[in-house]
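> Following this message is one structure expressed as structure tokens.
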Amino acid sequence: LWLRPGPEVMREMGGLHRFATWERPILTDSGGFQVWSLAKLRKITEEGVRFNNHLDGSKMLLTPELSMQIQASLGSDIAMLFDECPPYPCDEKYAASSLALTTRWAKRCKDWITANEPKSGEGRQHHFGIVQGSIYADLREQSARELVELDFDGYAVGGVSVGEPEHEMFRAIENAVPFLPFEKPRYAMGLGTPPQILEMIARGVDMFDCVMPTRIARHGMAFTLDGPINIKNLIHAKDPSPVCESAHPHVAGFSRAYLRHLFRAGEILGLRLLSFHNLHFYLSLVARARDAISAGNFTEFKDSFIKRYTRSTEP
RNA sequence: GGGUAGAUGCCCGAGUGGCUAAAGGGGGCAGACUGUAAAUCUGCUGGCUUACGCCUACGCUGGUUCGAAUCCAGCUCUGCCCA
Numbered sequence: 326l327w328l329r330p331g332p333e334v335m336r337e338m339g340g341l342h343r344f345a346t347w348e349r350p351i352l353t354d355s356g357g358f359q360v361w362s363l364a365k366l367r368k369i370t371e372e373g374v375r376f377n378n379h380l381d382g383s384k385m386l387l388t389p390e391l392s393m394q395i396q397a398s399l400g401s402d403i404a405m406l407f408d409e410c411p412p413y414p415c416d417e418k419y420a421a422s423s424l425a426l427t428t429r430w431a432k433r434c435k436d437w438i439t440a441n442e443p444k445s446g447e448g449r450q451h452h453f454g455i456v457q458g459s460i461y462a463d464l465r466e467q468s469a470r471e472l473v474e475l476d477f478d479g480y481a482v483g484g485v486s487v488g489e490p491e492h493e494m495f496r497a498i499e500n501a502v503p504f505l506p507f508e509k510p511r512y513a514m515g516l517g518t519p520p521q522i523l524e525m526i527a528r529g530v531d532m533f534d535c536v537m538p539t540r541i542a543r544h545g546m547a548f549t550l551d552g553p554i555n556i557k558n559l560i561h562a563k564d565p566s567p568v569c570e571s572a573h574p575h576v577a578g579f580s581r582a583y584l585r586h587l588f589r590a591g592e593i594l595g596l597r598l599l600s601f602h603n604l605h606f607y608l609s610l611v612a613r614a615r616d617a618i619s620a621g622n623f624t625e626f627k628d629s630f631i632k633r634y635t636r637s638t639e640p
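Numbering (the numbering used here), first residue to last: 326 to 640.
Below, the structure written as structure tokens:
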């Protein structure tokens, strides 16, 4: 958004909410993850991250202060701190120095926020710190404590879903959550599959974000209560049933056969219907999780959901 | 009727003596995707076989050659041009 449509348009349009006509909460990322995912195209320095603008090739420098400033001008409700997301695998030495940099950047972010943002008020922007430390328990604890010391509105666990095995991902969460304040939101960045979401909730996570439901939908995969299906597969060619028994009415009326046809025909409607479905599936999943927590039977809900979800794929 | 170009795997199409089970597309069948430069990427796609390998394949029939999708002859069909 800072490169295209650019600051001018965002300023003229009065921020993201008006630009996108979206009145509900918006969270913006700092650019830290792009630094990881586009690793070949950038260089990390103490000052910030140098990279080339992919639109015109010009050299850019993204710093903690600039990231905060950009997110402030976008007017998101939650802005993420500018961090370094170390790769996996990552030795402890690199993880420690990367974490030290993330912490120094967090302080610079905090300084910028203190100098530029109102401390309270309706609609003020909230800022979340990001716990790093790779797979190392002591680093995770240290990171969490340092961020809490700086005092942010919420805390995220980052550096997960970067290619590590699932058990490492769970451990990274377990190693960070106990040191984060109970009364503030805890957010697992970039996660996850439906069973992973429930496992994270069980470990005390409140918030998620993930490209999986929409990206996977565009690639023809749909979540169902019985596990994911590939709508492009031949077995759905003559299937009159809906994509999932829990599907939203907007999607439930279409047969799997028709959805498959849309994908094979290259019709963009297929991508949109599955994206809509997968997002609804996630929203419905966490709504049920909230209800189960209120009712005091979350563990039963989680276990029965996962049992059914994985039944067809497990031996 | 005459001339001319052509006939290749499910489709289109490259190949013009051995390195060809045959490039490349398309289509088909699967797989991957986790803080979105992702309507993307990867694999397989003649038959039998775990594999080695064997068999069948470049319009049809015959021929030349150690060896033919590739060269020769005849035939069949198709496009275009002339009558």
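Built from N, CA and C at the ideal position, the CB exists for glycine as well. For clarity, every value in this text was computed on a predicted model and none was experimentally measured.
Three-state secondary structure (DSSP) at Lys444?
coil
> If you reduce the DSSP assignment to three classes, tell me which class Ala547 lands in.
Here Ala547 sits in strand by DSSP.
> What are the boundary residues of the alpha helix (DSSP H) that Met494 is part of?
491–501
> Counting along the chain, where does the beta strand (DSSP E) carrying Asn377 start and finish?
Where Asn377 is concerned, the enclosing beta strand (DSSP E) stretches over 374–377.
> Between Glu499 and Arg528, which are expected to be in contact by the criterion C-beta below 8 Å, what is the C-beta distance as a whole number of angstroms?
Right, their Cβ atoms sit about 6 Å apart.
> My understanding is that Asn514 touches Ala469, with C-beta atoms under 8 Å, so please give their C-beta distance in whole angstroms.
According to the sequence provided, residue 514 is Met. The question's Asn does not apply to it. The beta-carbon separation of Met514 and Ala469, rounded to 14 Å, does not stay under the 8 Å limit for a contact.
> By DSSP, does Arg589 sit in helix, in strand, or in coil?
helix
> Candidates Tyr461, Glu474, Val334, Leu475: which alpha carbon is nearest Phe495's?
Tyr461
> Among Pro565, Ser422, Pro506, Asp478, which one has its Cα closest to the Cα of Ser445?
Asp478
> Got a sec? Which residues, its chain only, sit under 6 Å from Asp402 by beta carbon, not counting five neighbours each side?
Pro350, Ile351
> Label Pro625 either buried or exposed according to how many other C-beta atoms from any shown protein chain fall within 10 Å of its C-beta, with 16 as the threshold for buried.
Reading off the sequence, residue 625 comes out as Glu, not Pro. By the neighbour-count rule (16 or more Cβ atoms within 10 Å), Glu625 is not buried but exposed.
> DSSP on Ala562, reduced to helix/strand/coil?
Of the three classes helix, strand and coil, the one that applies to Ala562 here is coil, per DSSP.
> On the criterion of 16 or more Cβ atoms from any shown chain inside 10 Å, does Trp347 qualify as buried, or is it exposed?
By the 10 Å Cβ count, Trp347 comes out exposed.
> Quick one: measure Cβ to Cβ for Asn622 and Ala547, integer angstroms, because I've assumed they're closer than 8 Å.
Not really, about 28 Å apart at Cβ, beyond 8 Å.
> Between the Cα of His575 and those of Pro538, Ser459, Ser600, spot the shortest distance and give me the residue it belongs to.
Ser600
> Just curious, the beta strand (DSSP E) that Lys368 is in, first and last residue?
Run containing Lys368: 367–369, per the beta strand (DSSP E) assignment.
> Just how far apart, CA to CA, sit Lys563 and Cys569?
Cα to Cα, the separation comes out at about 15 Å.
> Over what stretch of residues does the alpha helix (DSSP H) that includes Pro623 continue unbroken?
First, the amino acid is wrong: residue 623 is Phe here, not Pro. Start and end: 623–636.
> According to DSSP, simplified to helix, strand and coil, what is Lys557?
coil
> Distance check for Ser422 and Tyr413, CA to CA, integer angstroms please.
15 Å
> Would you give the residue range spanned by the alpha helix (DSSP H) that Ile460 belongs to?
For Ile460, there is no enclosing alpha helix (DSSP H), as DSSP marks it with neither H nor E.
> From Leu399 to Phe407, what does the alpha carbon distance come to, in whole angstroms?
15 Å
> Who does Ala513 pair with in a DSSP beta bridge?
Beta-bridge partners of Ala513 (DSSP): Val482, Phe533.
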